[in-house]
DNA sequence: CGGTATCCAACTGGATACTG
DNA sequence: CAGTATCCAGTTGGATACCG
């Protein structure tokens, strides 16, 4: 109790956790890789094939980050040709389980979101025209 | 059943859902805004103060996207001075609930992850030196 | 008060070529 | 096979100034 906590709300606490979790799995590929390791260890090229669309560069970077965070392990087998396998740690497994509710939510609401977007865009189309430049930046 | 599904695994299905959910809440601010609306409707400037660190530009953009996706509603009160309030929709509330397990996971494992990173970085420091360029890119 | 417009620095991620 | 190196396009997001 340092007497300076003017905001005892839990939202404050959430902020740093959201940063942490988004910094770890908020990127384009991490969760996909984690899911592909769920059934057991896999090799680099297996992952590259099954994640589909990922480049070597991104797969390597994603695996390194997840390894650094203790989500998975990297095992090098010194044979010819080279053989490297990746496997989830116990922590990695619990992470994946923690993402399941969000995944279920997504499955349930994807259609509703599409709907909401279509309605929003339709309403936006009926807005009064701008003086000169129409599309505002479009970024 | 187009007979061409060579991969009946559910991972395939997850991919598009992860994209969808990350496209919606995987950015820097969305989840923070959603959390701040949990206790009830709030005004633009209240949100700007309580999210702390967010710029007008990003708060506006974040709110627009969440509104478009049906996560929250925007209500304009035509008084002087202007008054706009934002509130979670039922869908927004369920979204927030779906993120709770991930938040709890984060709270439980933050220290472990820091630990894993420190160990990884220590091991990386003991690696044999590269021929010329040491830090690989570091962009 | 609640935005919009503009500019710009930093980061993400894809394509390609090369290495042990 | 499993990376690493380089280059480059596209996007994110902050600072600032201005508007209804």
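Protein chains in written order, with my numbering: chain W, 1 to 139; chain L, 1001 to 1139. Cβ coordinates follow ideal geometry from the N, Cα and C atoms, glycine included.
Problem set entry | Residues bridged to residue 86(W) [DSSP beta-bridge criterion] | 42(W) and 74(W)
Problem set entry | Neighbour list for residue 1125(L) in chain W, Cβ cutoff strictly below 8 Å | Here the premise fails: no neighbours, minimum Cβ distance about 13 Å.
For this session: Could you spell out the range, first to last residue, of the alpha helix (DSSP H) harbouring residue 32(W)?
Result: Element bounds for residue 32(W): 30–36.
For this session: Closer than 7 Å by beta-carbon distance: list the chain W residues that pair up with residue 1093(L), in chain order.
Result: Neighbours of residue 1093(L) on chain W: none; closest Cβ ~11 Å, over 7 Å.
Problem set entry | Contact the stretch 97–111 of chain W vs the stretch 1093–1107 of chain L: 3+ CB pairs below 8 Å | yes
Exercise. Sorted by chain position, which residues of the same chain lie with C-beta nearer than 7 Å to residue 1017(L)'s C-beta, five sequence neighbours on each side aside?
Worked result: none
Exercise. Where does residue 79(W) fall in DSSP's three states?
Worked result: coil
Exercise. Three-state secondary structure (DSSP) at residue 101(W)?
Worked result: helix
Exercise. What is the residue span of the alpha helix (DSSP H) that residue 23(W) lies within?
Worked result: 10–25
For this session: Count the C-beta pairs between the stretch 68–76 of chain W and the stretch 1108–1116 of chain L that are closer than 8 Å, then say yes if the count reaches three, no if not.
Result: Taking a cut-off of 8 Å on C-beta distances, the stretch 68–76 of chain W touches the stretch 1108–1116 of chain L, as three or more cross pairs fall below it.
For this session: Check residue 114(W) in the structure and name its three-state DSSP category.
Result: helix
Exercise. Is it true that the CB of residue 1085(L) sits closer than 8 Å to the CB of residue 1049(L)?
Worked result: no
Exercise. Nearest chain W C-beta to residue 1113(L) closer than 8 Å, yes or no?
Worked result: yes
Problem set entry | Rounded separation between residue 1114(L) and residue 89(W) - CA only | Roughly 15 Å separates the two Cα atoms.
For this session: Step through the CB atoms of chain W and report whether any lies within less than 8 Å of the CB of residue 1057(L).
Result: no
Exercise. Should residue 1172(L) go down as buried or exposed, given a rule of 16 or more other Cβ atoms within 10 Å for buried?
Worked result: Here chain L comprises residues numbered 1001 to 1139, so residue 1172(L) is not present and cannot be evaluated.
Exercise. Just to confirm, are residue 1062(L) and residue 1093(L) a CB contact at a threshold of 8 Å?
Worked result: Taking C-beta atoms as the reference points, residue 1062(L) and residue 1093(L) fail to come closer than 8 Å.
Exercise. Could you give the distance in angstroms between the alpha-carbon of residue 65(W) and the alpha-carbon of residue 124(W)?
Worked result: In this structure, the straight-line span from the alpha carbon of residue 65(W) to that of residue 124(W) is close to 41 Å.
For this session: Using a cut-off of 7 Å between C-beta atoms, extract the partners of residue 1026(L) located in chain W.
Result: 22 and 26
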